[in-house]
Amino acid sequence: MTRAILAILRRDLAISLRAGGGAGIGAIFFLSVVMVVPFAIGPDQKLLSQIGPAILWVGALLASLLGLERIFGADAEDGSLDLLLLSPLPLEIAAFSKALAHWCATGLPLVIVAPLLGLLLGVEMKGLGAVTLMLLIGTPAIAFLGLIGAALAASLPRAGLLIAVLIVPFTIPVLIFGTAATAAAITEASPFGTAFKFLCALLLFSAVIGPVAAAAALRIGRGA
Amino acid sequence: MRLTASGISCARGGRTLFTGLSFALSDGELMLLTGPNGSGKTSLLRQIAGLLPLESGSIVCEGFEREEETHFVGHLAAVKDALTVSENLAFWVELYGGNAADLAGVLEKFRLDRLASLSARVLSAGQRRRLALARLAAIRRKLWLLDEPDTALDAEGRAMLVGVIAGHRAQGGTVVMASHGTLDAAPSQEISLAEVMRTAAA
Amino acid sequence: MPKTPRMKFSELANPNRFMRMAWWMIPLFAALAALLLAWGLYLGFQAPAERDQGITARIMFVHVPSAWLALGIYSAMAVAALGTLVWRHPLADVAQKSSAPVGAAFALICLVTGAIWGRPTWGTYWEWDGRLTSMLVLFLIYLGIIALWRAFEEPLSAAKAVAVLTLVGFINIPIVKFSVDWWSTLHQPASVFRLDGPTMHASYLHPLLISALGFSFLAAAMIIAAMRTEVLRRRVRTLNIFAAGEAR
């Protein structure tokens, strides 16, 4: 089973990272969102550094929603999805592996560039560390939730926007506890432990419900 | 092993494709599915594979696990352009738990050895089809479900496919193949889905 | 290319009992809704002005039942989703599809009346209060479900995909609700006005319950009417496919 999981990770990562895979586009979009915000609210360095972590969270959330349709859409198009369904690997595990590969190719770059973008917004050192660590926990949770939308729309062409609309409501708890834990780590005013624990719990929860619901959606989607 | 289908039906988009279809297959048999486009050949293969639910009836497998012993080669080749030819094959071998040591031999058999390290993007339709078929030889499975496997193959490719199928049957494997009859693979049974509909309608 | 398409007559015949029941249920429920709403409205205007808010508190006779129904209809959709996936009941997905716009409408009514109520009470049309924000998220989930329905051509594929989404939402909504409540207490400790069920005065509770019942019958009448339309729409669709097959 490990062999099969590693095979999926290696293959999906190779496809995303090679030409035409579009792995870096999410990070560029992230940069664009962060760049646009100061134009909208003005170059007020104090205000920007205050809301900087929140901007980073919103940017990372939006960037995570991009490209979700590629998780299953490409496989549905070229027939790979049928073979994945027929493979001896449980579909839940396969879906989990695909979400993990997707996160490594698109989510992890967001986490890596987040502190650099934070510098643009004037977020202080402590805040940079906090937001990066929280994004490291939060973005995989978003990817696992997004997996459900990707599976629901696997057979639909040009489903990117639809998936984003379906998934945003379910990512709100991640955003709430992620930003709360980030803010708590910076200001030490509110309880950090609670929000951080809830964020970790959300990651575990979405890592279970995401693949299970996605596998159900794929099985049903093929049959109908 | 034995595969028995009794009274199975299929409906797509509110339209019944076939009803009351029954057949039995045992070791070494090749069942040919014929019929015009849209008569349900692909749907029947997908039902046997378990990709499509049965409208009615049942499919029973004796002596083997369908989930672990089935190859499905459909219209789509499941080939990724971003990967090389050998990476494409190696992925399915890893996922299906096949023998990864003999990939070079399989590629040679399917005349893909000289393309092994090239991106699958450059493959012609026939080469792409041979890469899909190479899965059959690289991973051992008892039941092969082939949907018009000779599409885009040249005469040499078709001869090779006939040989691969004959070899599989000689080892006790079973094949269900949808075809327009361009492949002379000596079937032991034949189901004409147009015929099935005609008798059902009568 | 000769084709002999055959329609599944069960598809046409199956919901016949429902169609017969819908014939008397829709007018009956609509009449009950009209009576109860009129009565509830009358009692509502009889109710004395609220101590802090005066007469504006009377908007709750619309606002609160809408909130309950928006949640209640979602729960009913989750049951219908199980009906589609587990019991494969032919009417379950029709019920799912017909309920979604009605539930969304009640969520919207709840949001709009909340905003109208908020203007004199809070001084703004929108306050990021826990309850209203949760309802906004629920409204968004409803819109997502409707969008997914519209994305599929084939009604059965749509029904199954929507059923999965509805159930995922059913598991997630309590989590969203909890986190939004947590978030709103973090940012604004005290809510301006709270409805504390049992302690509410009878002159408010009675019209509230009566109008809630009236709105429930209204929702039932609208959902059943929408279901009847959907069954007829599918018959037309099946007949069209049949006719296209005959013509060949």
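Protein chains in written order, with the working numbering: chain F, 1 to 224; chain S, 1 to 202; chain X, 1 to 248.
By construction, the Cβ of each residue, glycine as well, lies at the ideal position given by its N, Cα and C atoms.
All values derive from a computational prediction rather than experimental measurement.
Within the DSSP bridge table, the entry for I191 (chain S) names S:L33 as partners. Of all residues in the stretch 63 to 83 of chain F, only D78, G79, S80, D82, L83 come within less than 7 Å of chain S when Cβ atoms are compared, listed by chain position. Scanning its chain for C-beta atoms nearer than 7 Å, with the 5 sequence neighbours on each side dropped, one finds around W103 (chain F) the residues T139, P140, A143, in chain order.
Non-local beta-carbon contacts of A159 (chain X) in its own chain, meaning distances under 6 Å to residues more than five positions away in sequence, involve T84, D93 in chain order.
Taking all protein chains in view, the Cβ of K41 (chain S) is crowded by 16 or more other Cβ atoms within 10 Å, so the residue is classified as buried. Taking a Cβ-Cβ threshold of 7 Å, the residues of chain S close to R18 (chain F) are A82, in chain order. Nearest to I165 (chain S) by alpha-carbon distance, out of S:H180, S:S188, S:A152, is S:S188. A distance below 6 Å between beta-carbons, with the five flanking residues on each side excluded, links A226 (chain X) to the following residues of its chain, in chain order: S98. In this structure the stretch 57 to 68 of chain F lies against the stretch 18 to 34 of chain F, because at least three pairs of beta carbons, one per stretch, are closer than 8 Å. Put simply, the CB of L152 (chain F) is near chain X, with a gap under 8 Å to one of its CB atoms.
Taking a Cβ-Cβ cut-off of 9 Å, F39 (chain F) has no neighbours in chain X, whose nearest Cβ is about 25 Å from it. For G144 (chain X), a Cβ of chain F is located within less than 8 Å of the residue's own Cβ. Closest in C-alpha terms to V168 (chain X), from the list X:S75, X:E230, X:S211, X:M135, comes X:S75. In this structure G79 (chain F) touches A77 (chain S) by the C-beta definition: roughly 6 Å separates them, less than 8 Å. A check of alpha carbon separations from I55 (chain F) across F:L204, F:K197, F:P191, F:G178 identifies F:G178 as the nearest. Taking C-beta atoms as the reference points, L186 (chain X) and A180 (chain F) count as a pair closer than 8 Å.
Looking at the backbone, the Cα of A202 (chain X) and that of S157 (chain X) are separated by about 48 Å.
Under the 10 Å beta carbon count, G52 (chain F) is surrounded by 16 or more other beta carbons and is classified as buried. Spatial neighbours of I141 (chain X) in its own chain (CB-CB distance under 6 Å, excluding positions within 5 residues in sequence) are listed in chain order as G169.
Looking at the DSSP output, L84 (chain F) bridges to nothing. For M134 (chain F), the three-state secondary structure derived from DSSP is helix.
For G59 (chain F), the secondary structure class from DSSP, reduced to helix, strand or coil, is helix. Within a 10 Å sphere around the beta-carbon of I41 (chain F) sit fewer than 16 other beta-carbons, which makes this residue exposed. If you draw a 10 Å sphere on the C-beta of D27 (chain S), you find fewer than 16 other C-beta atoms in it, and that means exposed. Considering only beta carbons, the part of the stretch 58 to 81 of chain S lying closer than 8 Å to chain F consists of E67, E68, T70, F72, G74, H75, L76, A77, A78, V79, K80, D81, in chain order. Against chain F, a Cβ distance below 7 Å from A49 (chain S) picks out L86. Here the stretch 119 to 126 of chain X does not lie against the stretch 201 to 216 of chain X, with fewer than 3 beta-carbon pairs under 8 Å apart.
Residue burial is scored here from C-beta neighbours: S32 (chain F) has fewer than 16 other C-beta atoms within 10 angstroms and is therefore classed as exposed. A4 (chain F) and L85 (chain F) have their C-alpha atoms spaced approximately 13 Å apart.
Along the stretch 136 to 192 of chain S, the alpha helix (DSSP H) occurs as fully enclosed runs of 4 or more residues at 155 to 170, listed in sequence order. Inter-residue distance for T166 (chain X) and G149 (chain F) is about 12 Å (C-alpha atoms, whole angstroms).
Listed along chain S, the residues sitting closer than 7 Å to L89 (chain F) by beta-carbon distance are L95.
Your pair E92 (chain F) and A7 (chain F) does not check out as a contact, with CB atoms roughly 16 Å apart and the cut at 8 Å. The beta carbons of W144 (chain S) and H71 (chain S) sit closer together than 8 Å. S56 (chain S) carries a strand assignment under DSSP once its states are collapsed to helix, strand and coil. DSSP lists S:L3 as the bridge partner or partners of L25 (chain S).
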